[in-house]
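Residues are numbered in the numbering used here as their position in the sequence shown, beginning at 1, plus a constant of 428. Beneath this line is the structure, given in structure tokens, with notes to follow.
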Amino acid sequence: EQKLGVKVNCFAVPYGFHNDHIRDVAMKAGYEALFTVYGQPITMHTPLSSVGRYLMEANKPKVFTDAVAAIATTAVGPSVAEVAPSNLQTQPADGETIKNALPLIKANIASLGAIDPG
429 EQKLGVKVNC FAVPYGFHND HIRDVAMKAG YEALFTVYGQ PITMHTPLSS VGRYLMEANK
489 PKVFTDAVAA IATTAVGPSV AEVAPSNLQT QPADGETIKN ALPLIKANIA SLGAIDPG
């Protein structure tokens with residue numbers, strides 16, 4: 429926190445290994461959310477003490493493909509509105525091929541107008 433200059437309120441469990449004790453200790457230490465590597469769609473009902481994430485490695489592209497397929501087939505919650513890529517300014521650009529395993533990802537969503545946070 430001293431080096432970043434911001435409060436760190438989330439913790440990604442190394443390699444995703446966690447149990448009740450680890451979750452309790454992390455939450456008591458003041459973390460608001462705990463990320464595991466149990467890949468799963470995140471919903472409004474996902475417990476903040478075990479938010480799933482997918483471990484992405486450049487040499488294992490099938491993990492990404494499987495994660496996208498799992499998320500795309502979820503029936504939990506309302507559908508998300510699809511926005512045409514031409515309406516967004518993104519980095520990397522839509523369809524751009526990148527070689528950096530850790531690219532900066534940005535999107536200017538100003539063209540979408542007001543966004544309902546809830």
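Every residue gets a Cβ at the ideal spot worked out from N, C-alpha and C, and that includes glycine.
*With DSSP as the reference, label Thr525 as helix, strand or coil.*
Correct three-state label for Thr525: coil.
*Write down every uninterrupted run of the alpha helix (DSSP H) in the stretch 469-498 whose length is 4 residues or greater and which is fully enclosed by it, in chain order.*
If we require 4 residues or more, the stretch 469-498 turns out to have no alpha helix (DSSP H) run fully inside it.
_CA nearest to the CA of Leu532, picked from Pro520, Gly541, Ser539 and Ile543_ = When each option's Cα is compared against that of Leu532, the closest is Pro520.
*Just checking my contact of Ala486 with Ala440 at CB under 8 Å: how many whole Å lie between their CB atoms?*
At roughly 18 Å, the Cβ-Cβ gap does not stay under 8 Å, so Ala486 and Ala440 are not in contact.
*The beta strand (DSSP E) with Ala538 in it runs from where to where?*
Counting along the chain, Ala538 falls outside any beta strand (DSSP E), and DSSP gives it neither H nor E.
*What do you get for Leu540, buried or exposed, if any count of 16 or more other CB atoms within 10 angstroms of its CB means buried?*
Using a 10 angstroms sphere on the CB of Leu540, the tally of other CB atoms stays under 16, which defines it as exposed.
*Just grab the DSSP bridge partners of Ala440 for me.*
Answer is Phe463, bridged to Ala440.
_Short Cβ contact (8 Å threshold) for Arg481 with Phe463_ = Judged by beta-carbon spacing, Phe463 lies within the 8 Å limit of Arg481, meaning their Cβ atoms are closer than that value.
_Between the CA atoms of Ile526 and Lys457 - distance to the nearest angstrom_ = In the sequence on display, residue 457 carries Ala and not Lys. CA-CA distance, Ala457 to Ile526, rounds to 38 Å.
*Using the C-alpha atoms, what's the distance from Gly444 back to Glu524?*
Whole-angstrom Cα-Cα distance: 31 Å.
*Straight-line Cα distance separating Val479 from His473*: Taking the straight line joining both Cα atoms gives about 10 Å.
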